[in-house]
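Just so we're aligned: the sequence shown equals residues 187 to 401 in the working numbering. Note that beta-carbon positions come from the ideal geometry of N, C-alpha and C, so glycine has one too. Have a look at the structure below before the remarks.
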Amino acid sequence: MPKDPPQFGPYELLNCYASGIFPMSDGPTEDGLFLVDPEDRGIFPLAGLKISKSLAKTVRSHRFDIRVDTAFVEMVKKCGAPERQGAWINAPIIDLYTQLHTLGYAHSVECWYGGKLVGGLYGVSLKGAFFGESMFSHMSNASKTALVHLVGRLNAGGYTLLDAQFITPHLKTMGAIEISRDAYHNRLHEALENDGVFDVADYFDFEYAKSVKAR
Numbered sequence: 187m188p189k190d191p192p193q194f195g196p197y198e199l200l201n202c203y204a205s206g207i208f209p210m211s212d213g214p215t216e217d218g219l220f221l222v223d224p225e226d227r228g229i230f231p232l233a234g235l236k237i238s239k240s241l242a243k244t245v246r247s248h249r250f251d252i253r254v255d256t257a258f259v260e261m262v263k264k265c266g267a268p269e270r271q272g273a274w275i276n277a278p279i280i281d282l283y284t285q286l287h288t289l290g291y292a293h294s295v296e297c298w299y300g301g302k303l304v305g306g307l308y309g310v311s312l313k314g315a316f317f318g319e320s321m322f323s324h325m326s327n328a329s330k331t332a333l334v335h336l337v338g339r340l341n342a343g344g345y346t347l348l349d350a351q352f353i354t355p356h357l358k359t360m361g362a363i364e365i366s367r368d369a370y371h372n373r374l375h376e377a378l379e380n381d382g383v384f385d386v387a388d389y390f391d392f393e394y395a396k397s398v399k400a401r
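Okay, structure coming up:
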């Protein structure tokens, strides 16, 4: 698809997500972006997250201070750090998702330790679908802990689809699966007919952590 679509703002980006496509770039130092509609799509079955014993222990121990939407821009920039292998988040993408965050559509789930942001993820919420964009981890199990909390929130909020975009070995160990483009679009259509609520009660993360078990 063409790079730098004209008048490509946050609402055009939401329309892209509703159509099953998402933006990427050729690298953090590149100015352009392009749209992707993969032949095969990664998703997380919301009832099928795989949690190891060590991860469950980490979540229950409250090792990390879990915060939501307190450092969104910092999260995106850490996910897109140029030194990361395969880095693709550039300045136009940071700007677009910051606008989506201001509008209430993009969210970050953050793991803090010792007053520092050490891991987490961010993505886009639209109706009953959440589109995971990227994650990072500077401490063991930090990004995985954020994913556990995200899935808990999505289940509590009535979401039916968690889009992982592309399958990686890391995501596969936690239960991500790959489905065809047609199957994905069918699931997306169903999810967009529901209204998910991302901002569940403030005490959710603490209470949810106590219930996490390995599976």
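Per DSSP, Gly338 is one residue of the alpha helix (DSSP H) stretching across Ala328 to Ala342.
Nearest C-alpha to Asn380 among Lys358, Ala315, Val386 and Met321: Ala315. About 7 Å separates the beta carbons of Glu296 and Ala332, which is inside the 8 Å limit, making them a contact pair.
Short of 7 Å from the beta carbon of Cys265, and not among the five residues preceding or following it, lie these beta carbons of its own chain, in chain order: Ile275, Tyr308, Ser320, Met321 and Phe322.
Among the bridge pairs identified by DSSP, Glu296 is matched with Arg253 and Gly306.
In its chain, beyond the 5 residues on either side, Gly195 and Pro196 have a beta carbon closer than 8 Å to the beta carbon of Gln285.
Annotation: Gly306 to Pro224 spans about 24 Å, alpha carbon to alpha carbon. Counting only runs of at least 3 residues, the region 341-367 fully encloses the following beta strand (DSSP E) elements, listed from N- to C-terminal order: 347-351 and 363-366.
For Val222, the secondary structure class from DSSP, reduced to helix, strand or coil, is strand. Burial state of Ser329 is buried, judged by a 10 Å Cβ sphere holding 16 or more other Cβ atoms. Distance between Leu347 and Asp281, taken at the CA atoms: about 25 Å. DSSP, read as helix, strand or coil, puts Ser320 in strand. Per DSSP, Phe384 lies in no beta strand (DSSP E) segment and is marked neither H nor E. When DSSP states are grouped into helix, strand and coil, Arg227 belongs to the strand group. Inter-residue distance for Gly382 and Ser294 is about 16 Å (C-alpha atoms, whole angstroms). Contact between Arg227 and Arg367 holds, since their C-beta atoms are separated by about 6 Å, short of 8 Å.
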